[in-house]
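J.:
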Amino acid sequence: FGIFKNGGFAEYATVPASSLVALPDTIPDKHGTVFDQIATGLFAIREANFLIGESAVILGLGTIGQFLLQSLLVSGARKLIVIEKNQFRLEVAKKFNPDIALSKVNLGKVRGATERRGADFVFECTGRPAAINATADLIRKGGTLVQVGVSDAPFEFNYFPFIMGHNKIQCVYACHPKDFEYAVELVAKKLIDPEPIVTKIISLDDIVEEGFQEAIKPDTKEIKIIVEP
15 FGIFKNGGFA EYATVPASSL VALPDTIPDK HGTVFDQIAT GLFAIREANF LIGESAVILG
75 LGTIGQFLLQ SLLVSGARKL IVIEKNQFRL EVAKKFNPDI ALSKVNLGKV RGATERRGAD
135 FVFECTGRPA AINATADLIR KGGTLVQVGV SDAPFEFNYF PFIMGHNKIQ CVYACHPKDF
195 EYAVELVAKK LIDPEPIVTK IISLDDIVEE GFQEAIKPDT KEIKIIVEP
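In short: position in the sequence shown from 1, add 14, done, that's our numbering.
This is how it looks when you write it as structure tokens:
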């Protein structure tokens with residue numbers, strides 16, 4: 015589907031019937047494109063063994079980060095801090111009422127909101143080396159880094175602070191089928207809202223200029239761009 019081989023951006027695609035999930039009539043077709051990203055966040059929460067009442071930091075508010083924010087709220091996060099340098103994406107996230115929304119890492123504010131300890135969990139959704147290395151300062155002793163974002167190249171990672179802090183690193187990729195089904199249930203019950211996250215629908219012919227080139231702009235005002243054949 016375009017991840018490991020070509021074929022995702024086409025008018026038609028064939029998939030095994032076992033891979034299909036029926037959507038309720040109450041869910042618009044355009045929202046059907048985001049369940050994979052919702053489910054990835056749900057899978058990350060489940061794999062990390064996140065519990066009601068624990069605190070979390072989200073680094074990066076792209077599509078997965080935005081849905082992870084909503085999913086953590088549904089999961090009972092006590093203190094939820096989001097960090098995103100893109101102002102448009104940060105403003106969208108504020109609509110869901112995180113406890114603190116920051117445009118850059120601010121250790122003082124994170125510590126102040128977590129009883130000077132650091133967060134129980136840090137969900138890293140950017141895949142950027144600088145952001146990944148910055149997570150060590152945000153996690154409490156014994157806390158967990160949940161690595162969701164993927165870097166496009168090898169990089170240097172300083173794991174010494176994680177050893178000294180008795181921290182865990184949990185890496186996640188994609189989701190389990192039951193996370194996908196749970197995502198549909200949460201949207202159907204209006205506990206997760208895809209509408210503010212789906213910011214543009216474009217044609218297959220416009221995928222380069224209005225899709226890829228727009229998405230990589232530092233000041234983009236897009237989050238989830240849907241390609242409609």
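Even glycine gets a Cβ: it sits at the ideal position worked out from N, Cα and C.
1) If we ignore side chains and look at the alpha-carbon of each, how far apart do E61 and G90 end up?
2) Going by C-alpha to C-alpha distance, which of R92, R103, V136 sits closest to D233?
3) Please work out which residues of its chain come closer than 7 Å, Cβ to Cβ, to V241, disregarding the five sequence neighbours upstream and downstream, and give them in chain order.
4) Among all the DSSP beta bridges, which residues are the ones paired with E138?
5) Select from Y26, L121, L94 the residue whose C-alpha is nearest the C-alpha of I66.
6) Is the number of C-beta pairs between the region 197-212 and the region 41-49 that are closer than 8 Å three or more?
7) Output yes or no for whether 8 Å exceeds the beta carbon distance between G157 and A133.
8) Compare the C-alpha of L116 against each of N100, K19, V88, E129 and name the closest.
9) Which residue from F194, V88, I239, L205 puts its Cα closest to that of L244?
10) Within its chain, find whatever has a CB closer than 8 Å to the CB of K118; leave out the 5 residues flanking it on each side and keep chain order.
11) For G67, name the three-state secondary structure that DSSP assigns.
12) By Cβ distance below 8 Å, which residues in the same chain neighbour C139 in space, the five residues on each side in sequence not counted?
13) Anyone know if the C-beta pair for F135 and A70 falls short of 8 Å?
14) Between V160 and F137, which are expected to be in contact by the criterion C-beta below 8 Å, what is the C-beta distance as a whole number of angstroms?
15) In the DSSP assignment, what residue or residues form a beta bridge with V96?
16) How many Å lie between K44 and P210 at the Cα?
T.: Taking the definition as stated:
1) One-based indexing of the sequence shown puts residue 61 at position 47. One-based indexing of the sequence shown puts residue 90 at position 76. Looking at the two C-alpha atoms, the distance is approximately 16 Å.
2) Within the sequence shown, the letter at position 219 stands for residue 233. The option with the nearest alpha carbon to D233 is R103.
3) In the sequence shown, residue 241 corresponds to position 227, counting from 1. F23, I216, L218, I221, G225.
4) The residue given as residue 138 occupies position 124 in the sequence shown. Bridge partners of E138: L73, Q161.
5) The sequence position of residue 66 within the sequence shown is 52, counting from 1. Closest by alpha carbon: L94.
6) yes
7) As a first step, residue 157 must be located in the sequence shown, where it is residue number 143. As a first step, residue 133 must be located in the sequence shown, where it is residue number 119. Their beta carbons are under 8 Å apart, which means G157 touches A133 by this criterion.
8) If you number the sequence shown from 1, residue 116 lands on position 102. Cα-wise, what sits closest to L116 is N100.
9) Nothing can be reported for residue 244, as the shown portion of the chain is limited to 15 through 243.
10) Sequence index remark: in the sequence shown, residue 118 carries index 104 (1-based). I97, K99, listed in sequence order.
11) Locating residue 67 in the sequence shown gives position 53, where the first residue counts as 1. G67: coil per DSSP, three-state reduction.
12) Taking the first residue of the sequence shown as 1, we reach residue 139 at position 125. If we look at C139 and ignore the five residues flanking it on each side, its Cβ neighbours are I72, L73, G74, L75, G76, I78, G79, L82, V162, G163.
13) Here residue 135 refers to the residue found at position 121 of the sequence shown. Here residue 70 refers to the residue found at position 56 of the sequence shown. Yes, the pair counts as a contact, with Cβ atoms nearer than the cut-off.
14) In the sequence shown, residue 160 corresponds to position 146, counting from 1. In the sequence shown, residue 137 corresponds to position 123, counting from 1. A Cβ-Cβ distance of about 5 Å is found for the pair V160 and F137, placing them in contact under the 8 Å criterion.
15) For this step, residue 96 is matched to residue 82 along the sequence shown. Answer is I72, A115, bridged to V96.
16) Position 30 of the sequence shown, counted from the first residue, corresponds to residue 44. Position 196 of the sequence shown, counted from the first residue, corresponds to residue 210. The alpha-carbon atoms of K44 and P210 are separated by roughly 12 Å.
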